[in-house]
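Take the working numbering: the last position of the sequence shown gets the number 242, and nothing is skipped along the way.
Ideal placement from N, C-alpha and C gives every residue a C-beta, glycine not left out.
Structure first, then comments.
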Amino acid sequence: MKNPGCDLAECQTSGYPVIFYGNHSIDDDTIHILYSSFDELTISIIQTKKGYGPRINYTALFNKNYSNAIVFENTTPLNSFSLIIRRLMKFNDKDDTGRLNKDDNSIESYWLNELKTNIARRGNNTNQPSFQLPLDIINGLLTIDINYPGESMRDAKFPNLHSTSKSYFLNIALKANNYTLPNTRFALEFYIIQLGIEGTQFSSSRYIDDQYTPG
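Below you can see the structure in the form of C-alpha cells.
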C-alpha cells in the first residue's frame with residue numbers, strides 16, 4: 028500500500044518521497060514492512076502483537092521532522108530491524124581482490140537520498156514485497172526483495188541458512204548497464220538499526236559481494 032492513510036496533495040503527486048506499507052500475520056504477531064524514500068532509502072521490518080498498526084504523520088515527514096513521525100500507539104514493538112542504504116560506490120578493482128579501500132581515489136559515490144516516486148513496486152504481494160529503483164546516474168536498476176521463507180532454507184548449493192517461522196531475508200541486487208571495464212565494481216554503504224538485549228543498537232557496513240554472489 029502506497030502512503031496509507033495520507034490525504035495530503037504530496038502523497039498523490041509524483042516527484043515526492045513515498046512510503047510503501049505491507050504486513051503479514053504469523054500466529055499471534057504481525058510483521059510490518061515499511062519501505063521509505065524519505066531522506067535516505069530505508070527498509071524497516073517491525074514485529075508487534077496482532078491488532079496494532081503504524082500511525083504515520085505525513086506532515087512531519089514532508090517537513091523533514093522524522094523523530095516519532097511513525098509510531099505504534101499503545102504497544103511496544105517486540106522486535107525491529109531497519110536498513111538504511113546510504114550510497115552506492117563505483118570503483119576500479121584493478122587487482123580483482125573484491126576489497127574496497129576507503130582511501131582509493133577511484134571511488135565514485137552516488138548518494139541515495141532525496142529519492143522521489145520513481146520507485147516501482149512489483150506485483151501485489153504485501154507480505155513479500157519487491158521494489159525497483161531506477162538509478163539514472165549509472166543507467167541501472169536497484170532491486171530490493173523482502174522474502175519470507177518460513178522454515179525453509181536457501182538453495183542447497185549455498186551454505187544452509189536456517190530460519191525460524193518469523194525470519195525474513197532482504198535480497199538486494201544491482202544491475203548497471205554500459206560498463207565495459209572488466210574490473211568495475213560496485214559497493215553499498217548502509218546503516219543497520221535493530222533492537223538488542225541492551226537496547227537499540229546501531230552499526231554501519233560497506234559490502235561489495237557476499238558469499239552468495241558470483242564475481
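Reduced DSSP secondary structure (H/G/I, E/B, other) of residue i
i, result
"Phe89", "helix"
"Ala36", "helix"
"Ile16", "Since the first residue shown for the chain is 28 and the last is 242, residue 16 is missing from the structure and cannot be characterised."
"Asp172", "strand"
"Asp56", "strand"
"Lys184", "With a pLDDT of only 46 at Lys184, under the threshold of 50, the placement of this residue in the model should not be trusted, and no figure is reported."
Contact check, residue i vs residue j, beta carbons under 8 Å
i, j, result
"Asn174", "Phe158", "no"
"Ile83", "Ile53", "no"
"Asn119", "Leu208", "yes"
"Ile58", "Ile70", "no"
"Ala214", "Leu127", "yes"
"Ser63", "Leu222", "no"
"Leu105", "Asp56", "yes"
Residue from the options with nearest C-alpha to residue i
i, options, result
"Ile112", "Asp34, Asn50, Phe65, Asp55", "Phe65"
"Phe217", "Tyr137, Ile165, Gly80", "Tyr137"
"Ile165", "Asn128, Met116, Asp172", "Met116"
"Leu201", "Asp163, Asn106, Ile220, Gly80", "Asp163"
"Glu100", "Asn92, Tyr93, Thr75", "Thr75"
"Leu61", "Ala203, Asn204, Asn210, Asp172", "Asp172"
"Pro161", "Ala36, Pro81, Asn204", "Asn204"
"Lys77", "Asn92, Leu88, Asn50", "Asn50"
Straight-line Cα distance separating residue j from residue i
i, j, result
"Thr103", "Ile199", "29 Å"
"Gly125", "Arg212", "8 Å"
"Thr40", "Asp123", "45 Å"
"Ser94", "Tyr85", "12 Å"
"Ala96", "Pro44", "14 Å"
"Asn145", "Val98", "Note that Asn145 has pLDDT 49, beneath the 50 cutoff, so the model's placement of it is unreliable and no number is given."
"Leu88", "Lys121", "43 Å"
"Gly80", "Glu37", "22 Å"
"Lys29", "Arg114", "24 Å"
"Glu67", "Pro31", "19 Å"
"Asp130", "Asn210", "18 Å"
"Thr170", "Asn92", "28 Å"
"Ile220", "Ser133", "30 Å"
is_contact[residue i, chain B] using C-beta, thresh 8 Å
i, result
"Glu135", "Absent here is chain B; the protein component of the structure consists of one chain."
Closer than 7 Å: residue i CB and nearest the ligand SAM heavy atom
i, result
"Leu162", "Among the components modelled here there is no ligand, and therefore nothing to report on the ligand SAM."
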